[in-house]
Amino acid sequence: VVKMENLVIILVVYQLPQFLFAPMWIRLSRVYGKRNLWVGATLLSAVSFGALIFAGENNHLYVYGCCFMAGLGGGAGAVLPPSIQADIVDYDEYLTGERKEGAYLAVWNLVRKIAGSITAFIIGIALQLAGFEPNVEQTDVAKWTIRSLLALMPAACYLVGAVLLLQFTFNEKEHQKIRKVLDQRARDRELGSG
Numbered sequence: 010v011v012k013m014e015n016l017v018i019i020l021v022v023y024q025l026p027q028f029l030f031a032p033m034w035i036r037l038s039r040v041y042g043k044r045n046l047w048v049g050a051t052l053l054s055a056v057s058f059g060a061l062i063f064a065g066e067n068n069h070l071y072v073y074g075c076c077f078m079a080g081l082g083g084g085a086g087a088v089l090p091p092s093i094q095a096d097i098v099d100y101d102e103y104l105t106g107e108r109k110e111g112a113y114l115a116v117w118n119l120v121r122k123i124a125g126s127i128t129a130f131i132i133g134i135a136l137q138l139a140g141f142e143p144n145v146e147q148t149d150v151a152k153w154t155i156r157s158l159l160a161l162m163p164a165a166c167y168l169v170g171a172v173l174l175l176q177f178t179f180n181e182k183e184h185q186k187i188r189k190v191l192d193q194r195a196r197d198r199e200l201g202s203g
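Count the sequence shown with the numbering used here and you get residues 10 to 203, in order.
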């Protein structure tokens, strides 16, 4: 179980690579493709979180290393999805002739809020069933539950995410073709209104 004095270090070690390596994800996405890179980063996060289950009581460097790698992978999740969303909005415009960024953003935010609520609910129920009591030494069952919630639950969620991402096949070449059509439509509208 994480001690409070180490929590700040863990949070910094997890968050720092998300900011520092954002430009790297953008550059790499041009080489490997957004979806492929996001799948790889998602798997990196899954393995990194899952590896936390093996952390010993005073194995701080191991925990920091896992958190750094999980944050590195998680950083792709902060950079690549908005770019993919923009491509999807273009695809929708190609099909319907309408731009609906607001609708897509609203649904995306709703899904994130629902996921956060479900996560909080699962954590609360799991801790209650494990007999968690705040501000006291925890039982072995409560400690194992906390470890599982910090390691196995995110690992499982990232694995599910990677499987779902593999089903997404819209790629950069297809987007470029659609973008050319949309740009031509915009030029035609300008010529027609001028």
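Built from N, CA and C at the ideal position, the CB exists for glycine as well.
TODO: Examine the Cβ distances between the region 31 to 47 and the region 56 to 66 and report whether three or more of them are shorter than 8 Å.
DONE: no
(message) Within 8 Å, do at least three Cβ pairs link the region 112 to 125 to the region 77 to 89?
(response) no
query: By Cβ distance, which residues of its chain are closer than 6 Å to I132, with the 5 residues on each side in sequence left out?
result: L158
- For V150, is the classification buried or exposed, using 16 other Cβ atoms within 10 angstroms of its Cβ as the cut-off for buried? exposed
Is G82 near V22, with beta carbons less than 8 Å apart? no
Measure the alpha-carbon distance for L25 versus Y41 and round it to whole angstroms. 24 Å
* Which first and last residues belong to the alpha helix (DSSP H) in which K43 is found? -> K43 to A60
**Asked** When the Cβ atoms of the region 127 to 143 are set against those of the region 101 to 118, are three or more pairs found closer than 8 Å?
**Response** no
Taking all protein chains shown into account, decide if I134 is buried (16 or more other Cβ within 10 angstroms of its Cβ) or exposed.
-> exposed
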